[in-house]
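Please read the structure below before turning to the comments.
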Amino acid sequence: ITAYHEAGHALVARTLPNADPVHKISIIARGMMGGYTRLLPAEDRHLWSRSQFDDTLAVTLAGYAAEQLTFNELTTGSQNDIEQATKIARKMVTEYGMSEKLGPRTFGHKEELVLLGREISEQRNYSEKVAQEIDEEVHDIVQRNYEVAKRVLTENRAKLVQIAEYLITEETLEGEPLEKIFNEPAPQPAEPAPTT
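Per my numbering: the sequence shown = residues 6 to 201.
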């Protein structure tokens, strides 16, 4: 399951134009993580575009999508991914003005501990109706990008299987083998023998 989960992250990251490049994939457990896919930006980033956030969300949700597509089942392995995706989508709506429905506006006033860089509370400066609209927009953004991840994985299912099978055997994929597996065509499943 971990191999397919991580292969999903990597394949979607490699496919989408605004995602960071895949540097390493591993199914060796580290602490609470069953495995990981490490993406490294090609350059320092000071600004994020909406399309970069969208592709990042699709990559984040790709492990969840890969589990569902491959096993028709979900595990707790996606808990952190779902949490991260929800946080990003909420910031897009409430802090960055990236909601078409709610427009260029911020919602909520945060009190922070300046020296520690930690948020301690948020004062709502919006109504219950707007709170519901924020929740709906966050849901729509997450769902839209989950659908992108699912589409990419469905269209490239043979490559997903190829990457996952390599990880099951070798546990880690990086450097030249990583580039090779992404650049070579995925083996196609054998045609069933004709019945007589």
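Glycine residues also receive a C-beta, built at the ideal position from the N, C-alpha and C atoms.
Neighbourhood of residue i by C-beta, 7 angstroms cutoff - its chain only, sequence neighbours within 5 removed
i	result
His14	Thr42, Val64, Ala67 and Gly68
Val143	Thr91, Ala94, Arg95 and Val98
Pro26	Leu44, Leu45 and Ala47
Lys106	Glu138 and Glu142
Distance between residue j and residue i (C-alpha atoms, nearest Å)
i	j	result
Ala163	Thr20	14 angstroms
Phe58	Lys185	28 angstroms
Glu141	Pro22	27 angstroms
Leu178	Val157	20 angstroms
Ile146	Thr159	20 angstroms
Asn188	Gln137	45 angstroms
Val110	Ile168	The sequence as given places Arg at residue 110; Val does not occur at that position. Near 42 angstroms, if we compare the C-alpha coordinates of Ile168 and Arg110.
Gly39	Ile30	12 angstroms
Thr75	Glu100	36 angstroms
Ile87	Lys155	15 angstroms
His28	Ile139	34 angstroms
Glu170	Pro192	12 angstroms
Leu44	Gln148	22 angstroms
Pro153	Gly180	The amino acid occupying residue 153 in the given sequence is Val; Pro does not appear at that position. Roughly 27 angstroms separates the two Cα atoms.
Residue i burial status per 10 Å Cβ neighbour count (16 or more: buried)
i	result
Ser56	exposed
Leu165	buried
Ala18	buried
Gly36	exposed
Glu70	Checking the sequence shown, residue 70 turns out to be Ala, not Glu. It is buried - the Cβ of Ala70 has at least 16 other Cβ atoms within 10 Å.
Asn150	buried
Thr174	exposed
Leu172	buried
Ser104	buried
Leu183	buried
Leu62	buried
Proximal residues to residue i (C-beta, below 8 angstroms), its chain only, five neighbours per side dropped
i	result
Glu72	Ile6, Tyr9, His10, Gly13, Glu78, Leu79, Thr80, Gly82 and Ser83
Asn161	Leu16, Thr20 and Ala191
Gly108	Gly102
Cut-off 6 angstroms between Cβ atoms - residues of its own chain near residue i, not counting five sequence neighbours on either side
i	result
His114	Gln128 and Asn130
Ile33	Glu176
Asp60	Leu21, Asn23 and Ala24
| task | Kindly confirm or deny that the stretch 48-57 and the stretch 131-149 touch, where touching means at least three C-beta pairs closer than 8 angstroms. | result | By the Cβ rule, the stretch 48-57 does not count as touching the stretch 131-149, because fewer than three pairs are nearer than 8 angstroms.
| request: Scan the stretch 140-187 and note each continuous beta strand (DSSP E) run of 3 residues or more that stays entirely inside, going in chain order. | output: 177-179, all fully within the stretch 140-187.
| task | Could I get the ranges of all uninterrupted beta strand (DSSP E) runs contained in the stretch 76-122, with 3 residues as the minimum, in chain order? | result | For the stretch 76-122, whole beta strand (DSSP E) runs of length 3 or above, ordered along the chain, are 114-118.
| task | Just list the alpha helix (DSSP H) runs in the stretch 49-76, keeping only unbroken ones of 4 residues or longer that don't cross its boundaries, in chain order. | result | Fully enclosed alpha helix (DSSP H) runs of 4 or longer: 55-76.
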